[in-house]
Ligand code: 2M8
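Numbering (full-length UniProt numbering), first residue to last: 5 to 437.
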């Protein structure tokens, strides 16, 4: 496992140490999430990393996003991993030989995976642009990325609208970003795991088994990814044994369309298609995935049409949507016993009151900095500056004590997962500023 860091005494120490993490994890044109556990470029990690990097080096933040979109497929999808060809083939599982993107005509020359991750990119591009418009203009940052973002969102809004509801589906737990969330247990129970002897996990070389998904989880992840690959990465409910319309992705898509409208104005283009897409997504998201009695957004199983009433932090993320009609109710839920916004920190990934809440295991309980950052961003957006400031202070305190860990016990603050984790460092830098 990676070496735990010492506690950082002052904000200046914390700032310096966060910069060091990002310097260590920088490769020629992008940042790896963690040197050993995740030695390639990940899609939504790069979005969060850019949000922090923009304060240190706007040009580097721009390159982070440009390199990711350089690996975009011709059908518009942005792969969840862009593999570094210089890293040994067995450093991460599943690697390029598993995904075989080279055999797909739509894929780029560089090896990638074939699944996607939550669309946090338009928001990240807009925030990165705003940090230094002059440098961005000189580099043609926005004019190059805007059409690519449009294609990315088009892929999600058309090919990934598997039910015709107007919402996108994720077709693999890895696509949700919240890999082993208890919200996926029921839909995943229908997937037959590939026997553990048929593949070799590499994650357990770098992180404690109790902090990671189980072998049965991995068996199901492998089954779903293999089926998708063998179908040539075609999108249809017949191919996907697992498909859910989740609030986190659809909320980021709505917020992303709003960001695209701002970019269109800046580029002298018509923002109206993006404004209407944002309004349509916000309306459908709220009408379909919001449960007024619970004050919470839930994912919907695309195969059964049923809401999955599991309190995952993903159901709080719609607070990032400008003009969300149920923001006040959602904040009330976050303040309640399940998430304890005022004292649990980072925001728990899963219901503190649930019998199967596990404070150390990945997305089944621990608090993460990225989802907490998104909620903080939402609090500011919806006129809650003092709740936002309180959350910000507690996040800084937690990371000062634990170091740049991947996730933390939300009640004790104990660190879990890998150390030297890029989005923790990047988003802490953003919170400091
Ligand atoms: C985790 O997921 C990867 C697979 O994509 C893994 O477990 O190997 C998740 O936390 C995901 O949200 C994150 O983007 C990725 C890299 O940090 O790690």
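Note that beta-carbon positions come from the ideal geometry of N, C-alpha and C, so glycine has one too. Remember, predicted model here, so these are calculated numbers, not experimental data.
Item: For residue 267, the nearest candidate out of 130, 108, 81 (CA to CA); Value: 130
Item: For residue 203 and residue 326, the rounded distance between their alpha carbons; Value: 43 Å
Item: Rounded straight-line distance, which links the Cα of residue 359 to that of residue 245; Value: 27 Å
Item: Own chain partners of residue 381 with C-beta closer than 7 Å, once the 5 adjacent residues on each side are dropped; Value: 324
Item: Reduced DSSP secondary structure (H/G/I, E/B, other) of residue 31; Value: strand
Item: Distance cut-off 7 Å: residue 181 Cβ against heavy atoms of the ligand 2M8; Value: yes
Item: Touch test, the region 377-393 against the region 334-344, Cβ-Cβ under 8 Å, three pairs minimum; Value: yes
Item: Whether residue 392 touches residue 22 by CB criterion (8 Å); Value: no
Item: contact_flag[the region 112-125, the region 79-97] where n(CB pairs < 8 Å) is 3 or more; Value: yes
Item: Validate contact between the region 168-176 and the region 340-347 using beta carbons, cut 8 Å, 3 pairs; Value: no
Item: Residue 209, enclosing beta strand (DSSP E) - first and last residue; Value: Counting along the chain, residue 209 falls outside any beta strand (DSSP E), and DSSP gives it neither H nor E.
Item: Pick from 401, 162, 26, 227 that is closest to residue 257, judged by C-alpha positions; Value: 162
Item: Residue 96 - partner residues in DSSP beta bridges; Value: Note: residue 96 sits in no beta bridge, so no partner.
Item: Beta-carbon proximity list for residue 66, same chain, < 7 Å, skipping 5 on both sides; Value: 132, 140, 143, 145
Item: Span separating the alpha-carbon of residue 420 from that of residue 411; Value: 5 Å
Item: Residues bridged to residue 394 [DSSP beta-bridge criterion]; Value: Answer is none; residue 394 lacks a bridge partner.
Item: beta-carbon residue 37 near the ligand 2M8 non-hydrogen atom, thresh 7 Å; Value: yes
Item: Unbroken beta strand (DSSP E) run spanning residue 303, endpoints; Value: 303-305
Item: Buried versus exposed, by CB contacts within 10 Å (16 or more), residue 250; Value: buried
Item: Residue range of the unbroken alpha helix (DSSP H) whose run includes residue 50; Value: 47-60
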